[in-house]
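For the record, in the sequence shown the residue sitting at position 107 is 106 according to numbering that gives the first Met the number 0, with numbers rising by one throughout. Below: the structure, in C-alpha cells.
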Amino acid sequence: MDMAQPQRDDRLKGKVAIITGAGSRGDGIGNGRAAAVLLARHGARVALVDTDVDAAEETARLIAVEGGITQIYDGDVSDRASCEAIVERTVEGFGRLDILVNNVGLTGPRGDAIEVDDRAWDGAMRINVASMMLMAKYAIPEMMKSGGGSIINLTSIAGLRGGHPSLLYPTSKSAVIGLTRAMAAHHGRDGIRVNCIAPGTVYTPMVASRGMSDEMRKARAAGTLLGTEGTGWDIGYGVLFLASDEARWITGITLAIDGGASVGQTGSPVPPSEPLRH
C-alpha cells in the first residue's frame, strides 16, 4: 500500500490537534507534515505551527485537497508567550484541544563535553526540551476541559542509544524521554496520555537537504534489522496510532520507529547450539 494514498476513517472525528514543526524543509514529506496530513485525514481539525509559514501553507494545501480543516500559526515554541498564544488561538478557532504533537527539534552544537559551546547548548536545550514543556503547560489545562487528551513528543533513537558525534543531541533526546515519562505520571489521572516516538534513519526533506548520497542512504539502511530506511509516513502513522483511541491504555512509553536499529545490527548466522550435557 502506498502510505501517501488516502485510507480514510473517522477515528479522530471531532478532535482538535496542534502540531509543531508542521512544515517540511523543502519538497516532500517530513515527520510533522505526515502527522498533520494523517490526523486531518482521519477527522481531526489541525493547527499547523511552524516558523516557516510557506512550509506550513504547503501542508495546509495537501490537507485541503483531501477536505481537511487547518489553521496556520507562525510560532516560536521556545518562547513562553508564543506557546500560550498558539494554544489560545487554537481553542478560540476550534473550540477545544485534544492532541498535541511536539515535533520541533534541532541537532544543536557539535562536540563532546570538552568542545561544546555552552551558550549554544543552552539555546538548543530550550528548543529540543523546554519547548515541549512550554507547549504542554498551556495545552494540558485545555485538554482537561475536554476530558483528557494525548501528547506525543518526538525524540530520536539517539536518546535510547547515546552514541552520537555530539553530546548535546543524545542528551536532549534522552531528556525528552524522561520528560514524557514524568508528564505521563503527573497527568494520567487527568485522562491525558503522554507518549514519545523515537524515529530512526528516516529519509525526510531535512535529511535530503544535507546532501546525502545514495551510498550514504544505503549505509543507513544497512544499519537496520529490516535493511531499509523509513519515511515521514512511518512516523506519521505512529503519531496517528498514539493519538487515537486504539492507544487508549498506552501512556509513558517510547515507541521506536527505526526498522529495529535500536535493537542492534544483523550479524553472521549463529550456529546451532550443542545439546546440553549434565
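We treat Cβ as the ideally placed atom computed from N, Cα and C, and that holds for glycine.
Rounded to the nearest angstrom, how far is the Cβ of residue i from that of residue j, given a contact under 8 Å?
| i | j | result |
| --- | --- | --- |
| G29 | T203 | 4 Å |
| I18 | V48 | 7 Å |
| G258 | G231 | About 14 Å; that fails the 8 Å criterion. |
| P198 | I249 | Incorrect: roughly 18 Å between the Cβ atoms, too far for contact. |
| L11 | L38 | 6 Å |
| L99 | V90 | About 12 Å; that fails the 8 Å criterion. |
| A46 | A16 | 7 Å |
| T227 | A220 | 5 Å |
Under the three-state reduction of DSSP, which class applies to residue i: helix, strand or coil?
| i | result |
| --- | --- |
| V15 | strand |
| N194 | strand |
| P274 | Reliability of the predicted coordinates at P274 is poor, the pLDDT of 47 falling under 50, and the value obtained from them is presented with this limitation in mind. Here P274 sits in coil by DSSP. |
| T50 | coil |
| R219 | helix |
| L166 | coil |
| G235 | helix |
| V115 | coil |
| T154 | coil |
| D262 | For clarity, residue 262 is Val in the given sequence; the question names Asp instead. It is coil, neither helix nor strand. |
Taking only the alpha-carbon atoms, compute the straight-line gap between residue i and residue j and give it to the nearest angstrom.
| i | j | result |
| --- | --- | --- |
| I126 | G148 | 23 Å |
| G94 | I176 | 30 Å |
| H185 | K136 | 12 Å |
| I150 | R32 | 17 Å |
| D116 | A123 | 11 Å |
Out of the options, state which residue places its alpha-carbon closest to the alpha-carbon of residue i.
| i | options | result |
| --- | --- | --- |
| L225 | N152, I252, V201 and R32 | V201 |
| T50 | D78, L37, R192 and R188 | D78 |
| I85 | H186, V128, H185 and E141 | E141 |
| L166 | T106, L11, A34 and R10 | T106 |
| T253 | R219, S130, G187 and S173 | S173 |
| V193 | I139, T227, V76 and A157 | I139 |
| R188 | G146, A221 and N102 | G146 |
Quick one: using the 10 Å Cβ neighbour count with 16 as the cut-off for buried, is residue i buried or exposed?
| i | result |
| --- | --- |
| A35 | buried |
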